[in-house]
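Novice:
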Amino acid sequence: MAEPEGMTRRDFLNGSLLASGAALVSTACPFQLMAADDWNGTPGIGDYADANGNTHQVMADGHTIRDHAFDRGAKTIEDTGETFDCVIVGGGISGLAAALFYQRATGAKRSCLVLENHPIFGGEAKRNEFNVDGQRLIASQGSAMWFQPMPGTFLEHFYDSVGIDSRQFQYQRDTSGIATGVTPYAGDGSNFGFFFAADAAHPNGTWLVDPWTKKLEGAPMAAQAKRELLAMRETPDHRPTPRRHGDAVARQLDSITLEEDLMMRHGLSRETIRHYLSPVSGGGSGIGADALSAYSDYAPDLLFPWEKQHGPQMFPGGNTGVARHMVKALVPAAIPGAATMAGICQARVNFAALDQPNQATRIRLRSR
Ligand SMILES: Cc1cc2nc3c(=O)[nH]c(=O)nc-3n(C[C@H](O)[C@H](O)[C@H](O)COP(=O)(O)OP(=O)(O)OC[C@H]3O[C@@H](n4cnc5c(N)ncnc54)[C@H](O)[C@@H]3O)c2cc1C
458 MAEPEGMTRR DFLNGSLLAS GAALVSTACP FQLMAADDWN GTPGIGDYAD ANGNTHQVMA
518 DGHTIRDHAF DRGAKTIEDT GETFDCVIVG GGISGLAAAL FYQRATGAKR SCLVLENHPI
578 FGGEAKRNEF NVDGQRLIAS QGSAMWFQPM PGTFLEHFYD SVGIDSRQFQ YQRDTSGIAT
638 GVTPYAGDGS NFGFFFAADA AHPNGTWLVD PWTKKLEGAP MAAQAKRELL AMRETPDHRP
698 TPRRHGDAVA RQLDSITLEE DLMMRHGLSR ETIRHYLSPV SGGGSGIGAD ALSAYSDYAP
758 DLLFPWEKQH GPQMFPGGNT GVARHMVKAL VPAAIPGAAT MAGICQARVN FAALDQPNQA
818 TRIRLRSR
């Protein structure tokens with residue numbers, strides 16, 4: 458069967474490549490000189506006001522792991538006197554899904570405690586909210602895109618079971634004349650821009666709106682890098698891609714790095730990849746294209762095929778919406794109001810309801 462034409466996960470990763478990489482290389486302030494508040498940035502408002510992503514604490518804890526301080530065990534262990542049938546460590550999407558399966562498998566007759574060390578559940582699937590001139594703006598943190606599952610699959614049944622309608626979401630009609638899309642990523646039109654951090658020639662940084670239509674004109678980048686990146690977008694890639702997990706192409710890709718694949722497939726130079734492709738959104742998954750197997754960029758599409766014809770979708774706040782649907786299914790009172798997309802994404806979390814005695818599943822935040 459021919460594969461439906463459409464956007465792959467790789468396409469949207471490739472579309473989101475530039476801005477953060479540029480910001481990384483030209484950051485004006487050395488990390489060690491930054492105070493915690495500078496590092497943490499503006500927390501915003503609402504449920505996620507204490508959850509602004511890559512905080513100073515994350516770095517400090519990383520150093521604590523490096524220094525083997527945790528190897529000696531916790532300094533204080535508090536006996537709460539509680540007993541649970543199941544304890545899940547981590548309240549990200551995996552932990553919440555595990556709790557749901559446990560709750561369903563046991564008919565909610567066994568107790569389950571989800572321990573989450575952050576001020577709110579969700580893990581990578583968190584968001585931030587800001588009040589800008591009286592408008593409440595919501596933006597995702599890490600996990601943003603939702604991939605419509607193939608009909609009849611396990612994933613479709615799972616989403617249905619937590620109330621996520623796997624048909625396309627309803628979007629507002631554009632009445633402003635501004636091009637809008639169902640996600641802020643490339644391929645959706647001119648509704649996004651790249652930001653290049655300040656340098657000597659551009660002390661306030663540079664915004665480039667609708668960068669691909671403008672063919673990167675005005676971007677403070679080396680001409681050669683522009684040529685390479687434009688060629689990557691505009692030249693069809695005829696090299697074979699894996700069709701099945703474990704086929705010959707998949708195995709060959711697994712024997713090289715993602716960086717090598719990008720160089721061979723798209724003619725990018727190593728310098729362009731390292732300078733302009735974000736190690737997070739440019740395909741490196743936070744580790745970097747030089748460290749990952751090339752197959753890692755194709756594996757998700759093969760292992761979890763998705764409905765490409767309908768394209769990727771985004772809840773307000775990215776996959777925060779998925780986490781919130783799961784929390785509502787686990788502890789309905791924790792997200793009051795209607796169990797609809799708008800209701801669940803816009804309601805305020807009732808934090809007190811997350812961890813009450815006598816409920817089958819309890820979600821305990823700030824557990825360190
Ligand atoms: C930058 C980035 C962008 C991404 N974009 C997308 C996307 O657009 N679409 C998509 O589908 N996927 C995306 N992903 C992948 C997706 O985010 C993950 O697959 C998914 O969120 C992982 O969920 P998880 O619960 O396994 O882990 P996490 O989300 O990491 O959650 C783990 C949770 O456990 C907590 N925890 C860990 N240790 C402890 C402890 N000892 N005690 C208590 N709590 C603990 C952590 O604080 C965290 O909250 C992205 C990932 C990254 C990094």
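For the sequence shown, the numbering used here assigns the number 458 to the initial residue and increments by one for each residue that follows.
Virtual Cβ for every residue (Gly too), placed ideally from N, Cα, C.
These numbers were taken from a predicted model, which means no experiment stands behind them.
(1) Return helix, strand or coil for GLY503, following the three-state DSSP convention.
(2) Looking only at DSSP bridge pairs, what is PRO606 linked to?
(3) Determine contact between the segment 545-565 and the segment 784-796, defined as no fewer than three beta-carbon pairs at a distance below 8 Å.
(4) Please report the residue range of the alpha helix (DSSP H) in which ARG722 lies.
(5) For LEU665, name the three-state secondary structure that DSSP assigns.
(6) Taking the DSSP output, what are the residues bridged to GLY650?
(7) In the DSSP assignment, find the alpha helix (DSSP H) that holds ARG684 and state where it starts and stops.
(8) Return the CA-CA distance between ASN588 and ASP711, expressed in angstroms with no decimal places.
(9) For PRO699, I'd like the list of residues in its chain whose CB is within less than 8 Å of its CB, leaving aside the five on either flank, ordered along the chain.
(10) Have a look at ASP536 and GLY503 and give me their C-alpha separation to the nearest angstrom.
(11) Compute every distance between the C-beta of VAL544 and the non-hydrogen atoms of ligand 1, then say whether any falls below 6 Å.
(12) Give the DSSP-derived three-state secondary structure of ILE820 in the structure shown.
(13) Spatial neighbours of HIS782 within its chain, please: C-beta separation below 7 Å, excluding the five flanking residues on both sides.
(14) Between HIS520 and ligand 1, is the CB less than 6 Å from at least one heavy atom?
(15) Write down the C-beta distance between ILE827 and VAL806 rounded to the nearest angstrom, noting that I regard them as a contact closer than 8 Å.
(16) Restricting to Cα atoms, I'd like to know which of SER824, VAL779, GLY662 is closest to SER623.
(17) Spell out the partners DSSP gives PHE527 in its beta bridges.
(18) As a quick exercise: from ASP631, PHE527, PRO660, ASN509, pick the residue whose alpha carbon is nearest that of GLN598.
(19) In angstroms, rounded to a whole number, what distance separates the CA positions of ASN815 and THR499?
(20) In this structure, how does DSSP classify PRO769 when only helix, strand and coil are distinguished?
(21) Would DSSP call SER597 helix, strand or coil?
(22) Helix, strand or coil, according to DSSP, for SER568 in the structure here?
(23) If contact is defined by three or more beta carbon pairs under 8 Å, each pair taking one atom from either stretch, is the segment 600-609 in contact with the segment 764-776?
(24) My assumption, with CB atoms under 8 Å, is that THR797 sits in contact with LYS583. Please give the rounded CB distance.
(25) To the nearest whole angstrom, what separates the beta carbons of LEU612 and PHE761, a pair I think is in contact under 8 Å?
(26) Ligand 1 heavy atoms versus the CB of HIS575: any closer than 6 Å?
(27) Judging by CA-CA distance, which residue of GLY580, ARG529, LYS532 is the nearest neighbour of ILE550?
(28) Comparing alpha-carbon positions, which option in ARG529, LEU734, THR692, HIS732 lies nearest ARG722?
(29) Comparing the CB of MET602 with every heavy atom of ligand 1, is any distance shorter than 6 Å?
Specialist: The structure says:
(1) On the sequence shown, residue 503 is found 46 positions in, with the first residue counted as 1. Reduced to three states, the DSSP call for GLY503 is helix.
(2) Numbered from its first residue, the sequence shown carries residue 606 at position 149. According to DSSP, which records beta bridges pairwise, PRO606 is partnered with TRP763.
(3) yes
(4) Locating residue 722 in the sequence shown gives position 265, counting from the first residue. That run of the alpha helix (DSSP H) goes 715-723.
(5) Position 208 of the sequence shown, counted from the first residue, corresponds to residue 665. Looking at LEU665 - three-state DSSP - the assignment turns out to be strand.
(6) As a first step, residue 650 must be located in the sequence shown, where it is residue number 193. Note: GLY650 sits in a beta bridge opposite VAL666.
(7) Against the sequence shown, residue 684 aligns to sequence position 227. First-last of the alpha helix (DSSP H) with ARG684: 680-691.
(8) The residue labelled residue 588 in the question sits at position 131 within the sequence shown. The residue labelled residue 711 in the question sits at position 254 within the sequence shown. Rounded to the nearest angstrom, the two C-alpha atoms are 45 Å apart.
(9) Within the sequence shown, the letter at position 242 stands for residue 699. Once the five neighbours on either side are set aside, the close Cβ partners of PRO699 are VAL706, ALA707, LEU710, TYR752, TYR755, LEU759.
(10) Mapped onto the sequence shown, residue 536 falls at position 79. Mapped onto the sequence shown, residue 503 falls at position 46. Using only the alpha carbons, I get a separation of about 32 Å.
(11) Along the sequence shown, one-based indexing puts residue 544 at 87. Checking every heavy atom of ligand 1 against the Cβ of VAL544, none is found closer than 6 Å.
(12) Position 363 of the sequence shown holds residue 820. Looking at ILE820 - three-state DSSP - the assignment turns out to be strand.
(13) Translated into the one-based positions of the sequence shown, residue 782 becomes position 325. VAL619, GLY620, ILE621, ILE801.
(14) In the sequence shown, the residue the question calls residue 520 occupies position 63. No, Cβ of HIS520 sits at least 6 Å from all heavy atoms of ligand 1.
(15) For the chain, the structure presents residues 458 to 825; residue 827 sits outside this window and is missing.
(16) Position 166 of the sequence shown, counted from the start, is the residue given in the question as residue 623. The option with the nearest alpha carbon to SER623 is VAL779.
(17) The count along the sequence shown starts at 1 and reaches residue 527 at position 70. In DSSP, PHE527 forms no bridge with anything.
(18) The residue given as residue 598 occupies position 141 in the sequence shown. The shortest C-alpha separation from GLN598 is found at ASN509.
(19) As a first step, residue 815 must be located in the sequence shown, where it is residue number 358. As a first step, residue 499 must be located in the sequence shown, where it is residue number 42. If I take the Cα positions, the gap works out to 37 Å.
(20) The residue you call residue 769 lines up with position 312 of the sequence shown. Of the three classes helix, strand and coil, the one that applies to PRO769 here is strand, per DSSP.
(21) Here the question's residue 597 lines up with position 140 in the sequence shown. Of the three classes helix, strand and coil, the one that applies to SER597 here is strand, per DSSP.
(22) Taking the first residue of the sequence shown as position 1, residue 568 is located at position 111. Looking at SER568 - three-state DSSP - the assignment turns out to be coil, as it is neither helix nor strand.
(23) yes
(24) Within the sequence shown, the letter at position 340 stands for residue 797. Within the sequence shown, the letter at position 126 stands for residue 583. With a Cβ gap of about 21 Å, THR797 and LYS583 do not count as contacting.
(25) Position 155 of the sequence shown, counting from 1, holds the residue named residue 612. Position 304 of the sequence shown, counting from 1, holds the residue named residue 761. With 8 Å as the limit, LEU612 and PHE761 qualify as a contact, their Cβ atoms being about 7 Å apart.
(26) Taking the sequence shown and counting its residues from 1, the one referred to as residue 575 is at position 118. Yes, Cβ of HIS575 sits closer than 6 Å to a heavy atom of ligand 1.
(27) By one-based count along the sequence shown, residue 550 stands at place 93. Closest option to ILE550, Cα to Cα, is GLY580.
(28) Here residue 722 is taken as the residue at index 265 of the sequence shown, counted from 1. The shortest Cα separation from ARG722 among ARG529, LEU734, THR692, HIS732 belongs to THR692.
(29) As a working note, residue 602 is residue 145 in the sequence shown. Yes, ligand 1 has a heavy atom inside 6 Å of this Cβ.
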